[in-house]
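Numbering (the working numbering), first residue to last: 1 to 156. Ideal Cβ placement from N, Cα and C applies to all residues, glycine included.
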Ligand SMILES: [Zn+2]
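As structure tokens, this is what we get:
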């Protein structure tokens, strides 16, 4: 399984404890990494999204150099559709696409809908490795040091 190949790599990236910059991830590390693997099977957007109580996807940050940036996406945009499908479908991997094609992305910005064109491409491996490594450190390992449950386990 790919997960087994990734874990040693991620752990090798963990040189020293890092302050948490992400909220704790609710998934165990293996499940979480497996979920990141799915990014290889869909076009790379390059945004961090936050879902509100109504289920809308708000862009909270755009990765420099990512297709989302090239398409003109900005933090604060609310995703309306990707490739003419609801964003939730797209994030669940139910969009058809081909590398090199362009996908229309409709966002809501300042109360107006805008259609942006994103070039479909798979995430580069080094970028994916960095994203996973950072998330594992900030969303998982950073909290292990302060988790009283794990301290109890260590003491026994
Ligand atoms: Zn996680």
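Worksheet item: Taking Cβ to Cβ, would you say residue 83 is nearer than 8 Å to residue 97?
Response: Counting from one through the chain shown, the residue named residue 83 turns up at place 83. Counting from one through the chain shown, the residue named residue 97 turns up at place 97. Residue 97 is positioned such that its CB atom lies closer than 8 Å to that of residue 83.
Item to complete: Please confirm whether residue 120 and residue 99 have their CB atoms less than 8 Å apart.
Response: As a first step, residue 120 must be located in the chain shown, where it is residue number 120. As a first step, residue 99 must be located in the chain shown, where it is residue number 99. Between residue 120 and residue 99, the C-beta spacing is below 8 Å.
Worksheet item: Hey, residue 116 and residue 72 are a contact pair by Cβ (cut 8 Å); roughly how many whole angstroms apart?
Response: In the chain shown, counting from the first residue as 1, residue 116 sits at position 116. In the chain shown, counting from the first residue as 1, residue 72 sits at position 72. About 5 Å; that satisfies the 8 Å criterion.
Worksheet item: Who are the near neighbours of residue 39 in its chain, counting only those whose CB is closer than 7 Å to its CB and skipping five residues on each side?
Response: Translated into the one-based positions of the chain shown, residue 39 becomes position 39. In chain order, 123, 128 place their CB closer than 7 Å to the CB of residue 39, counting only its own chain and leaving out the 5 sequence neighbours on each side.
Worksheet item: Is there at least one Cβ from chain D nearer than 8 Å to residue 34's Cβ?
Response: No chain D is part of this structure, which consists of one protein chain only.
Worksheet entry | Neighbourhood of residue 80 by C-beta distance below 7 Å, restricted to the same chain and skipping five residues each side | To locate residue 80, count along the chain shown from 1; it is residue 80. The beta carbon of residue 80 is closer than 7 Å to those of 106, 107, 108, 113 in its chain, skipping five residues each way along the sequence.
Worksheet item: What does DSSP give as the partner residues of residue 50 in its beta bridges?
Response: The residue you call residue 50 lines up with position 50 of the chain shown. The partner list for residue 50 (beta bridge, DSSP) reads 58.
Fill in: residue 67: first and last residue of the uninterrupted alpha helix (DSSP H) it sits in
What you label residue 67 is simply residue 67 of the chain shown in a count that begins at 1. The continuous alpha helix (DSSP H) containing residue 67 extends over residues 67-71.
Discussion item. Just verifying my parser: in three-state terms, what is the DSSP assignment at residue 82?
Written reply: Here residue 82 refers to the residue found at position 82 when the chain shown is read from its first residue. DSSP places residue 82 in strand when its eight states are reduced to three.
Discussion item. Restricting to Cα atoms, I'd like to know which of 37, 91, 24 is closest to residue 131.
Written reply: Along the chain shown, read from residue 1 onward, the residue named residue 131 stands at position 131. Taking only the C-alpha atoms, the option nearest residue 131 is 37.
Fill in: Integer-rounded CB distance, given that residue 135 should sit under 8 Å from residue 22
Within the chain shown, the letter at position 22 stands for residue 22. Within the chain shown, the letter at position 135 stands for residue 135. Confirmed, about 7 Å.
Worksheet entry | residue 63 versus 54, 56, 53, 49, residue with shortest Cα-Cα distance | Here the question's residue 63 lines up with position 63 in the chain shown. Cα-wise, what sits closest to residue 63 is 49.
Worksheet item: Measuring from the CB of residue 128, is there a heavy atom of ligand 1 at a distance below 7 Å?
Response: What you label residue 128 is simply residue 128 of the chain shown in a count that begins at 1. In this structure, residue 128 has its beta carbon at no less than 7 Å from each heavy atom of ligand 1.
Worksheet item: Starting from residue 117 and walking both ways along the beta strand (DSSP E), at which residues does that stretch end?
Response: Numbered from 1 along the chain shown, position 117 holds the residue referred to as residue 117. In this chain, the beta strand (DSSP E) harbouring residue 117 covers 112-119.
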